[in-house]
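Read through the structure below, which is laid out as structure tokens, and then see the notes.
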């Protein structure tokens, strides 16, 4: 799984733009809304191709390591 990043830009007029990298689908919108909730009102939203990519389900399996105890 790649790195997740949120890029926030504020221009000279105080307009805020944001971009989410490494997160696909509705989860990226949730992350932006959570981050900007208290400081900005979202007026317009453009979804990138990354938004429409299929979300990968990752299955994590813990590796069992053999431990040898020497006496």
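Residue numbers (the numbering used here): 679 to 749. All C-beta atoms, glycine included, are put in the ideal place defined by N, C-alpha and C.
Should residue 709 and residue 683 be called a contact, given that it needs their Cβ atoms to be closer than 8 Å?
Not closer than 8 Å, so no.
Kindly indicate the opening and closing residues of the beta strand (DSSP E) around residue 687.
Start and end: 683-688.
Cβ-based neighbour list, residue 696, same chain, cut-off 6 Å, excluding 5 preceding and 5 following
Within the same chain, residue 696 has close Cβ partners 686, 710.
Tell me whether the beta-carbon of residue 714 lies closer than 8 Å to the beta-carbon of residue 688.
For residue 714 and residue 688, no; Cβs fall outside 8 Å.
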